[in-house]
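Working notes, structure below.
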Amino acid sequence: MSVDLLLPVLLGLFAAALVVGMTVRAVKAPRGSRLRAAFGPIMGAGETYQELHTGQRGLQDSVIESIQEQESRPARTDADADADADAHADTHGDGERSS
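In the working numbering, the protein residues as written are 1419 to 1517.
Laid out in structure tokens, this is it:
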């Protein structure tokens, strides 16, 4: 085999390995998430490349950070909204003008 054919053969084998791997992942995945399972590793690699190339966080890291921030802050409740409404009415009056 000549050196000129080595690179195309290796690239063909790599592409075939990717196709076989994606097919196996798609077949084993539960119905409804087959595309995500098949293309997940490729999307993850693309996100990692983007993180390294741009120096910015990826989508997955941003989502994880957002969830952690939401869990660390107390959520607003209906009682908070009622208290805010009462405080607003106390500071701004009840709508009547006094002379």
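Using N, Cα and C, we set each Cβ at its ideal position, and we do this for glycine too.
- In the DSSP assignment, R1449 falls outside any alpha helix (DSSP H), carrying neither H nor E.
- Within the same chain, R1454, A1455 and A1456 come within 8 angstroms of A1447 by CB-CB distance, once the 5 residues on both sides are set aside.
- Leaving aside the five residues that flank L1477 on each side, the residues in its chain whose CB is nearer than 7 angstroms to its CB run, in chain order, E1465.
- Residue state for S1484 is assigned as helix, using DSSP reduced to three classes.
- Spatial neighbours of A1444 in its own chain (CB-CB distance under 8 angstroms, excluding positions within 5 residues in sequence) are listed in chain order as R1452, L1453, A1455 and A1456.
- In this model, A1434 and M1461 are separated by some 18 angstroms (Cα to Cα).
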